[in-house]
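Residue 1 is where the sequence shown starts when you use full-length UniProt numbering, and the numbers rise one by one after that.
Virtual Cβ for every residue (Gly too), placed ideally from N, Cα, C.
Since we're looking at a predicted model, the values are computed, not measured.
First up is the structure itself, then whatever we jot down about it.
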Amino acid sequence: MNKMSSRIHTLDYLRGFALLGIILVNVVGINFINAEIAKTHIEGIYASFLLIFIESKFFSIFSILFGVGFYIFMDRATYKAQNKYALYFRRLIVLFIFGVLHSFLQPGEALKFYAIAGVLLLIFLHLKKEINLILGLLLLVVAIVLDAKLLETMPYFILGLAIGQYGLIYQFNTNLRKWIIAWSVFLVLTILSVSLLMMYYAPPNYILAENMGLHGEQFVQKKMFFDHLVTMTSPFISCFYMLTIIIVVQNDIGAKLLAPLKYYGRMALTNYIFQTLFIIVFVKVFFNGSVSMLNALLMCLIIYSIQIMFSVIWLKYFKYGPLEYLWRMATYLKVLPFKSV
Numbered sequence: 001m002n003k004m005s006s007r008i009h010t011l012d013y014l015r016g017f018a019l020l021g022i023i024l025v026n027v028v029g030i031n032f033i034n035a036e037i038a039k040t041h042i043e044g045i046y047a048s049f050l051l052i053f054i055e056s057k058f059f060s061i062f063s064i065l066f067g068v069g070f071y072i073f074m075d076r077a078t079y080k081a082q083n084k085y086a087l088y089f090r091r092l093i094v095l096f097i098f099g100v101l102h103s104f105l106q107p108g109e110a111l112k113f114y115a116i117a118g119v120l121l122l123i124f125l126h127l128k129k130e131i132n133l134i135l136g137l138l139l140l141v142v143a144i145v146l147d148a149k150l151l152e153t154m155p156y157f158i159l160g161l162a163i164g165q166y167g168l169i170y171q172f173n174t175n176l177r178k179w180i181i182a183w184s185v186f187l188v189l190t191i192l193s194v195s196l197l198m199m200y201y202a203p204p205n206y207i208l209a210e211n212m213g214l215h216g217e218q219f220v221q222k223k224m225f226f227d228h229l230v231t232m233t234s235p236f237i238s239c240f241y242m243l244t245i246i247i248v249v250q251n252d253i254g255a256k257l258l259a260p261l262k263y264y265g266r267m268a269l270t271n272y273i274f275q276t277l278f279i280i281v282f283v284k285v286f287f288n289g290s291v292s293m294l295n296a297l298l299m300c301l302i303i304y305s306i307q308i309m310f311s312v313i314w315l316k317y318f319k320y321g322p323l324e325y326l327w328r329m330a331t332y333l334k335v336l337p338f339k340s341v
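As structure tokens, then:
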């Protein structure tokens, strides 16, 4: 596998992996369904698992990948006949339209905000990589200290851009020893983070708090502190996840085992939006409009299976996912080859 294909495929694996986590969190905020809070001990464990290992981590990965994608797009567009800024703005406008349409189903969807923040990302395009790295880290620290999750997206965009500028995306299949060292560091940080979260654990809601003997203000204070710790530790866990995927897929066996993620990630936009449609249909048809925590997990596993199989089959015949193809045509204002040769 050459450097170019290694870069593209590894990013696809990461996008596919990020989608797996995003759907687990998205179930709660979708219109037209009622996501019930955890009531039983087992549901409480699952809700806590989401907070500690899923919440914020996968959107962080997606945001970093957006920044990396921005770098790749602008780098490639430099060699095209059309003005790269015009191409990029059209790309963002289409993304914003997708986001607006998606927001009717999922008010907390990210595409609109990504499109708006993507305009601001142009400010950092021609800054030195060292400056972008420092700015990204500083802004991320500020967002975490303020516990402002909405403000975390832009720092991750900038850090993704810096990753591209440093050329790390061309080194996925080289310097394996350095990747493993970085992975080891974040493994330790992840273990420390999870240990800290378990030490100051707070149940996800009042019902479970009552069962633990926590009442009123005592629970509120403990929950606020725990939620802030989740925000503080999320970047370490996100990096650990990313490095794990990067290392595993450089091995032929690992790449084959996780190959479905690659196809899932190549159709990230299509799968992200259709996740929401699937959830609404499943809940309305099979759960009468209301879904428990564990049924939500079961539903997500079924949706994974359907979407991954569809992605694998679709990409055998076509170069892009359906929405990805529309996005590309609207960006370049021309009909592009669609079928795989």
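**Q.** Residues bridged to K339 (per DSSP)
**A.** Residue mapping note: residue 339 aligns to position 339 of the sequence shown, counting from 1. In the DSSP assignment, K339 forms a beta bridge with F318.
Q: Using three-state DSSP, classify H9 as helix, strand or coil.
A: Working through the sequence shown from its first residue, we reach residue 9 at position 9. Note: H9 maps to helix in three-state DSSP.
Q. Straight-line CA distance for N132 to F104?
A. For the purposes of this step, residue 132 is taken as residue 132 along the sequence shown, with counting starting at 1. For the purposes of this step, residue 104 is taken as residue 104 along the sequence shown, with counting starting at 1. C-alpha separation (whole angstroms): 35 Å.
Q) Between the C-alpha atoms of G118 and I280, what's the straight-line distance to the nearest angstrom? A) Stepping through the sequence shown from its first residue, residue 118 is reached at position 118. Stepping through the sequence shown from its first residue, residue 280 is reached at position 280. Spanning the two alpha carbons is a distance of roughly 29 Å.
**Q.** Buried or exposed by the 16-neighbour rule on C-beta atoms within 10 Å, applied to R76
**A.** Stepping through the sequence shown from its first residue, residue 76 is reached at position 76. By the C-beta density criterion, R76 is exposed, having fewer than 16 other C-beta atoms within 10 angstroms.
(Q) Please classify R177 as buried or exposed, where buried requires at least 16 other C-beta atoms within 10 Å of its C-beta. (A) The residue given as residue 177 occupies position 177 in the sequence shown. Counting Cβ neighbours within 10 Å, R177 comes out exposed, since fewer than 16 surround it.
**Q.** Own chain, CB closer than 7 Å to D12, minus 5 neighbours either side, in chain order
**A.** Taking the first residue of the sequence shown as position 1, residue 12 is located at position 12. Here the set comprises K262, G265, R266.
Q: For I273, collect the residues of the same chain with a Cβ closer than 6 Å to its Cβ; drop the 5 residues on either side in sequence, then sort them by chain order.
A: Taking the sequence shown and counting its residues from 1, one reaches residue 273 at position 273. The residues are H102.
**Q.** Nearest-angstrom Cβ-Cβ length linking Q165 and Y71, presumed shorter than 8 Å
**A.** Taking the first residue of the sequence shown as 1, we reach residue 165 at position 165. Taking the first residue of the sequence shown as 1, we reach residue 71 at position 71. Q165 to Y71, Cβ: 7 Å. Contact.
Q. Does the separation of the CB atoms of S290 and E43 fall below 8 Å?
A. The sequence position of residue 290 within the sequence shown is 290, counting from 1. The sequence position of residue 43 within the sequence shown is 43, counting from 1. Judged by their CB atoms, S290 and E43 are not nearer to each other than the 8 Å cut-off.
**Q.** Residue interval of the alpha helix (DSSP H) (run including Y85)
**A.** Taking the first residue of the sequence shown as position 1, residue 85 is located at position 85. First-last of the alpha helix (DSSP H) with Y85: 84-103.
Q. To the nearest angstrom, how far is it from the Cα of A259 to the Cα of Q221?
A. The count along the sequence shown starts at 1 and reaches residue 259 at position 259. The count along the sequence shown starts at 1 and reaches residue 221 at position 221. Looking at the backbone, the Cα of A259 and that of Q221 are separated by about 44 Å.
**Q.** Burial state of G108 (16 or more Cβ within 10 Å)
**A.** Locating residue 108 in the sequence shown gives position 108, counting from the first residue. Exposed, because fewer than 16 other Cβ atoms sit within 10 Å of the Cβ of G108.
Q) Where are the alpha helix (DSSP H) runs, 4 residues long or more, that stay fully inside the segment 105-156, in chain order? A) Counting only runs of 4 or more residues that sit fully inside the segment 105-156, the alpha helix (DSSP H) segments are 111-120, 129-145, in chain order.
(Q) Could you compute how far the alpha carbon of K316 sits from the alpha carbon of M309? (A) Counting from one through the sequence shown, the residue named residue 316 turns up at place 316. Counting from one through the sequence shown, the residue named residue 309 turns up at place 309. Computed Cα separation, rounded: 11 Å.
Q: In the DSSP assignment, find the alpha helix (DSSP H) that holds K262 and state where it starts and stops.
A: For this step, residue 262 is matched to residue 262 along the sequence shown. Counting along the chain, K262 sits inside the alpha helix (DSSP H) bounded by residues 259-266.
**Q.** Contacting residues, own chain, Cβ-Cβ under 7 Å from Q171 (five flanking each side not counted)
**A.** As a working note, residue 171 is residue 171 in the sequence shown. Answer for Q171: no residue qualifies.
Q. Comparing alpha-carbon positions, which option in L294, L301, C300, N271 lies nearest G321?
A. Within the sequence shown, residue 321 is the residue found at index 321, counting from 1. Closest option to G321, judged by alpha-carbon separation, among L294, L301, C300, N271: N271.
Q: Can you grab the Cα-Cα spacing for the pair A255 / F73, in whole Å?
A: Position 255 of the sequence shown, counted from the first residue, corresponds to residue 255. Position 73 of the sequence shown, counted from the first residue, corresponds to residue 73. Distance from the CA atom of A255 to the CA atom of F73, rounded to whole angstroms, is 25 Å.
Q: Check the C-beta distance from F124 over to S63 and give it rounded, since I have them as a contact under 8 Å.
A: Locating residue 124 in the sequence shown gives position 124, counting from the first residue. Locating residue 63 in the sequence shown gives position 63, counting from the first residue. Your pair F124 and S63 does not check out as a contact, with CB atoms roughly 14 Å apart and the cut at 8 Å.
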